[in-house]
Amino acid sequence: MAHLVTCGGKSTLADRLQQQFEHCVIISQDQFFRADDDPNHEWIDVSPTIRHQNWESMASMDWEAFARAIDVVLSKEPPNHSALLIIEGHMIYNYKPICDLCDKKFFITLEKDECFARRDGRTYLPPDPIGYFDAWVWPLYLQNMEHMKSIQNDIPIDY
Numbered sequence: 002m003a004h005l006v007t008c009g010g011k012s013t014l015a016d017r018l019q020q021q022f023e024h025c026v027i028i029s030q031d032q033f034f035r036a037d038d039d040p041n042h043e044w045i046d047v048s049p050t051i052r053h054q055n056w057e058s059m060a061s062m063d064w065e066a067f068a069r070a071i072d073v074v075l076s077k078e079p080p081n082h083s084a085l086l087i088i089e090g091h092m093i094y095n096y097k098p099i100c101d102l103c104d105k106k107f108f109i110t111l112e113k114d115e116c117f118a119r120r121d122g123r124t125y126l127p128p129d130p131i132g133y134f135d136a137w138v139w140p141l142y143l144q145n146m147e148h149m150k151s152i153q154n155d156i157p158i159d160y
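See the structure below:
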């Protein structure tokens, strides 16, 4: 399981590991974001004139569908059962049912400037409004990192 800051190389790392290990399956958090018009989204005021979905909040994800997808992979009998299942995403440790399934956990960090540069170079639909990174993305990443440090005695995590 890999938990990284947004644009920190999660998918790239998972893809490279999959190339190295036979029978490796990747399940990415990105596949389980709610649709733009889903009423379960948490909306935030980025500025006085701009409201935006908070894609960094737990409400932005369909966690139950994510967990079901993992269960499908884990329920297959060998040899169809994956020898290595990689679950990657930037909020996966915040959802205990998924976190508890994992034998090995990694939390990989990235400096703020590099994170911003990578995110700024991507195209998102809907696009990030100006100020979203500084007001929401980075602070919630720091909050997640502190949360992980606070529970590290209960959940062994490699940084």
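Numbering of the sequence shown is given in our numbering, commencing with residue 2 and proceeding in unit increments.
A virtual CB, placed ideally from N, CA and C, is assigned to each residue, including glycine.
Own chain partners of residue i with C-beta closer than 6 Å, once the 5 adjacent residues on each side are dropped
{"i": "Met96", "result": "First, the amino acid is wrong: residue 96 is Tyr here, not Met. Once the five neighbours on either side are set aside, the close Cβ partners of Tyr96 are Trp64."}
{"i": "Ala180", "result": "Only positions 2 to 160 of the chain appear in this structure, which leaves residue 180 out of reach."}
{"i": "Pro128", "result": "none"}
{"i": "Arg123", "result": "none"}
Classification of residue i by the beta-carbon crowding that lies within 10 angstroms, buried from 16 upward
{"i": "Ile131", "result": "exposed"}
{"i": "Cys142", "result": "It is Tyr, not Cys, that sits at residue 142 in the sequence shown. Under this definition Tyr142 is a buried residue."}
{"i": "Lys11", "result": "buried"}
{"i": "His53", "result": "buried"}
{"i": "Tyr125", "result": "exposed"}
{"i": "Glu57", "result": "buried"}
C-alpha distance - residue i paired with residue j, whole-angstrom precision
{"i": "Leu86", "j": "Ala136", "result": "33 Å"}
{"i": "Ile28", "j": "Gly90", "result": "9 Å"}
{"i": "Met92", "j": "Gln30", "result": "8 Å"}
{"i": "Ala60", "j": "Tyr94", "result": "14 Å"}
{"i": "Pro40", "j": "Tyr133", "result": "20 Å"}
{"i": "Pro140", "j": "His42", "result": "19 Å"}
{"i": "Asp101", "j": "Ala68", "result": "11 Å"}
{"i": "Asp37", "j": "Gln144", "result": "24 Å"}
{"i": "Gln21", "j": "Arg35", "result": "31 Å"}
{"i": "Arg17", "j": "Asp121", "result": "24 Å"}
{"i": "Met62", "j": "Val138", "result": "15 Å"}
Nonlocal neighbours in the same chain, by C-beta distance under 8 Å from residue i, ignoring five residues either side
{"i": "Glu23", "result": "Ala84"}
{"i": "Trp44", "result": "Arg52, His53, Gln54 and Asn55"}
Assumed close pair residue i, residue j - CB separation to whole angstroms, cut-off 8 Å
{"i": "Cys25", "j": "Gln19", "result": "4 Å"}
Cut-off 7 Å between Cβ atoms - residues of its own chain near residue i, not counting five sequence neighbours on either side
{"i": "Ile99", "result": "Phe67, Ala68, Ile71, Ile88 and Ile93"}
{"i": "Ser151", "result": "none"}
Flag this pair as touching only if the segment 44 to 60 and the segment 102 to 110 have three or more C-beta atom pairs under 8 Å; answer yes or no.
Counting Cβ pairs under 8 Å, fewer than three are found: no touch.
Segment contact, 8 Å Cβ cut-off, at least three pairs: the segment 116 to 123 with the segment 66 to 76:
No, the segment 116 to 123 is not in contact with the segment 66 to 76.
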